[in-house]
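These notes concern the structure reproduced below.
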Amino acid sequence: MILPTRIGLTRRGKPFFLVANRAMLPHQFLKRIFVTWNWRLVRSSSQYYHLKIGRYTIKLHPEYFHIIFGEWAEWKKYHLPPFSLKGATVLDIGAGCGETALFYFIHGVERVICVEPNPDLARVISENLCSNKWNAEVQARSFDTEMLNLDFDFMKMDCEGCEVRLLGADTLPSCVMEVHDEHILHALTSKFGLRVANSNMVGKNSCNNDFERRQFRMYYLGWRFTRVREKFRKTTGLRRFFYAIILVILEMHPDFASVYRARWGRVWETYYFPDKGTGEKT
Ligand SMILES: C[S@@+](CC[C@H](N)C(=O)[O-])C[C@H]1O[C@@H](n2cnc3c(N)ncnc32)[C@H](O)[C@@H]1O
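Structure representation (structure tokens):
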């Protein structure tokens, strides 16, 4: 289990836990612990953390440690398609230190092609794939549409905006991706039928995958959160405590992370599964 190294109070009197040199609120830490209870930090320095998950130990730059620690639950929700990836090859665009490759290996993938243009990070991926004997290769360069001709079954893309290059492609492979700009989102949606994911993923209720409806639900949750936060700031005493509890409850909502990021961070989790009958354009 990854435990906090310090517990303290912020200047405003809020309790915080210090985990791997980063402060987080107690409920944020608890949320992560449910998912990462069997993880272990085996070694750490100011430069790198060595994280053990199952039979794999991965070397991570601190920023990428916090990405894997904070986003694993979301990846389970949004980075796995509703069909099995057992034995598949995944094209991982924006591979970081190899944390998403690790995620896919743990979920039964046979091979990962890691695309990462940052040479330092690409070196860390190479070390990780050697030490864990992963069936993987590193492409230390930026994504370009020619990579769509590589031999793979499924693509994950999170590359800080490089998804715009997909607009130059004729077709999209089966994929999940983070889109960082609303205009690109609309362009990809109308060109390929890319969908914005919801917490139930696909198949159960296709209405829930409707972009407008989802945006409305996300907007409403974000709107409520903002209102409660304003009231929390204005009130004192017992009322303030009441609003603090409502804020925590809203933050626990399974869609909250997406809402927060779509409203304030402007990031959309999307998917496209053309061969599986769930991602066609309507
Ligand atoms: C947020 S991190 C991804 C973290 C994690 N692997 C994931 O998928 O959630 C985004 C990564 O995309 C990489 N990146 C940025 N521009 C890129 C490009 N043009 N092509 C491929 N990767 C890119 C960055 O170096 C960074 O490591």
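For the sequence shown, the residue numbers in this note's numbering are 174 to 455. Beta carbons: idealized from backbone N, C-alpha and C, even for Gly.
N- and C-terminal bounds of the alpha helix (DSSP H) containing residue i
| i | result |
| --- | --- |
| Met425 | Gly410 to Met425 |
| Glu355 | Glu355 to Phe365 |
Three-state class that DSSP yields for residue i in the structure shown
| i | result |
| --- | --- |
| Ser257 | coil |
| Pro177 | coil |
| Tyr221 | coil |
| Ala274 | helix |
| Arg390 | helix |
| Arg185 | coil |
| Arg368 | strand |
| Gly376 | Residue placement at Gly376 is poorly supported in this model, since its pLDDT is 40, which falls under 50; the coordinates are not used for a value here. |
Per DSSP, the bridge partner or partners of residue i
| i | result |
| --- | --- |
| Asp265 | Cys287 and Lys329 |
| Phe190 | Ile180 and Met197 |
| Ala309 | Val285 |
Terminal residues of the beta strand (DSSP E) in which residue i lies
| i | result |
| --- | --- |
| Ser217 | Arg213 to Ser217 |
| Thr230 | Tyr229 to Leu233 |
| Thr443 | Trp441 to Tyr445 |
| Glu336 | Note, Glu336: premise wrong, no beta strand (DSSP E); not H, not E. |
| Val297 | Counting along the chain, Val297 falls outside any beta strand (DSSP E), though it belongs to the alpha helix (DSSP H) covering Pro292 to Asn305. |
| Glu351 | Cys348 to Val352 |
Chain C contact for residue i (CB, 8 Å cutoff)
| i | result |
| --- | --- |
| Ala261 | Absent from the structure is chain C; it holds one protein chain and no more. |
Counting Cβ pairs, one atom from each stretch, are 3 or more of them under 8 Å apart for the region 277 to 289 and the region 311 to 329? yes
Per the contact definition of three or more C-beta pairs closer than 8 Å, is the region 321 to 331 in contact with the region 296 to 306? no
Taking three-plus beta-carbon pairs below 8 Å as touching, is the region 205 to 222 in contact with the region 255 to 262? Under the three-pair Cβ rule at 8 Å, the region 205 to 222 does not count as touching the region 255 to 262.
Do the region 403 to 419 and the region 331 to 341 meet, that is, are 3 or more Cβ pairs less than 8 Å apart? no
Segment contact, 8 Å Cβ cut-off, at least three pairs: the region 236 to 255 with the region 267 to 285: yes
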